[in-house]
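Trainee:
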Amino acid sequence: MSVDSATDPESGDFLTWAGGSTWYRPVGDLTCGPAPVVVCHGGPGLTHDYLLSLAALTAGGRAYVFYDQLGNGRSDRRTDVADGFWTVPLFIAELRALLTHLGITDGYHLLGHSWGGLLALELATERPAGLRSLVLAGSFAAGETYRAEVGRLRDELPDPARTAIAGPPDNPGYADAVRTFYTRHVCRARPVPDEVLRTLGAVRDDPRVYETMAGGTEFDLRGRLADWDIRDRLGRVEVPALLISGRYDEVTPAAVAELHHGLPSSRWELFEESSHMPHVEEPEHFRATVDAFLVHVDAANCRSATSDQVRSVVR
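If you count the sequence shown from 1, you need to add 122 to reach the numbering used here.
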C-alpha cells in the first residue's frame, strides 16, 4: 500500500467506517522498513496539505501516512449532520479505524501538529499496544493555558493591531491585525509555502469543523476544545514523546512546559527561528530532529525485544 508521489492530487484511497469516508495517502511501503508514521493534521478543520513536506522523510525508508480528518479536505464533509456530531471521541475513533485498516496496529508512531498532537495524546492515554512514540509539534495540555497565553501575545501586539484585534471581525483594521498576528506567531516563512496556502484556503471555504471544535479565531478557543484538559492523564502515556515548538509559537513555551513536565518520558526541542510551523520555517532542522528521534526509539525497541527473547530462552 504505497504511492509514488506525495504531491499527486489524484493519489490516495478512502476508508469507509462508521463515521463516514476518510481519505488517506501512504507515502512509502507500509509492508517493510521501520515502523511507519501516521501524521495527524491540525485544526480541527485543516487538511493534510500543509504537512506534505514531511514526505521527504520517507527517503530513509520509513513510510508516512497522511490523511484528511472527517469533515475536511478530500474526506466526507458530512453536511448531513448537526454540530453535535463533531467531538474529540469521533476523531479518536477515526484514527483507530485508520490504523486498523492500514494493518499497522502492531507498530507505528504518531506525529501530530497542533490539534493533531492533542488527538495523538488522547489515543496514547489509552495505551494502545503498537504505539511506539509520539512527535508533538505546537501542541498543548490544557485549553485554558492556551487561551491565557494567546491572550498575552495578542496584548503584546503593537498598536493599531492590538486595538483592532480586540474588536469584532468587522472592526476596521481587524483583517490586517490578524495578518500581523499570523506573521508573528503562526507562520514566519516568507513567502508562505503553497501547501500552507492550500490548507488555509480549504478551511476558509468550509470552516464548519473548525468553528465547531475550536471557535472562529485563533484568539478565543471557545469551541469544543475550550475546556479540553489532559494534564491529569499525561501520566498514562507510556511511550517516549518528542515535543517541538517555536520560540515565537502561538503555543508558547509556558503551554508546552505543561506537556514536558506531565509526560513520563519527553524531550523538548525549541526552534529559535520558528513560530507555529517549524516544519516549513526551519524544515531541515525539523526533519533531522524527527528522524533522529524515531531512529533512536526504534533502536531502543529493538534492543528491548532482543533482551526479552534472551530472557525467554534462558527461562
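Just so it is clear, CB atoms sit at the ideal spot from N, CA and C, and this is done for glycine as well.
Identify whether residue 416 lies in helix, strand or coil by the three-state DSSP scheme.
Mentor: If DSSP states are grouped into helix, strand and coil, residue 416 belongs with the helices.
Trainee: Alpha carbon to alpha carbon, how far is residue 189 from residue 158? Give it in angstroms, no decimals.
Mentor: 14 Å
Trainee: What residue ranges within the segment 216–261 form continuous beta strand (DSSP E) runs of no fewer than 3 residues, ordered along the chain?
Mentor: 230–235, 253–259
Trainee: If you count every other CB in all the chains shown that lies within 10 Å of the CB of residue 419, and 16 or more means buried, which is it?
Mentor: buried
Trainee: According to DSSP, is residue 152 helix, strand or coil?
Mentor: coil
Trainee: Take residue 428 and list the residues in its own chain whose beta-carbon comes closer than 7 Å to its own, dropping the five residues that flank it on each side.
Mentor: Caution is warranted here: a pLDDT of 49 is assigned to residue 428, below 50, making its placement in the model unreliable, and the coordinate value is therefore given only provisionally. Excluding positions up to five away in sequence, the list is empty.
Trainee: If you compare alpha carbons, which of 203, 185, 208 is closest to residue 231?
Mentor: 185
Trainee: With three or more beta-carbon pairs closer than 8 Å as the criterion, would you say the segment 153–170 touches the segment 285–299?
Mentor: These segments do not touch.
Trainee: Tell me whether the segment 143–155 and the segment 372–390 touch, counting them as touching only if at least three CB pairs, one residue from each stretch, are closer than 8 Å.
Mentor: Too few Cβ pairs lie closer than 8 Å, so no.
Trainee: Under the assumption that residue 367 contacts residue 260 (Cβ atoms under 8 Å), give the Cβ distance between them as a whole number of angstroms.
Mentor: 6 Å
Trainee: When the Cα atoms are used, what is the spatial distance from residue 361 to residue 191?
Mentor: 24 Å
Trainee: Could you check whether residue 176 and residue 401 sit closer than 8 Å to each other, using their CB atoms as the reference points?
Mentor: For residue 401 and residue 176, yes; Cβs fall inside 8 Å.
Trainee: According to DSSP, residue 266 sits in a beta bridge with which residue or residues?
Mentor: Beta-bridge partners assigned by DSSP to residue 266: none are found.
Trainee: Identify whether residue 189 lies in helix, strand or coil by the three-state DSSP scheme.
Mentor: strand
Trainee: Taking the beta strand (DSSP E) that residue 135 falls in, what are its first and last residues?
Mentor: 135–139
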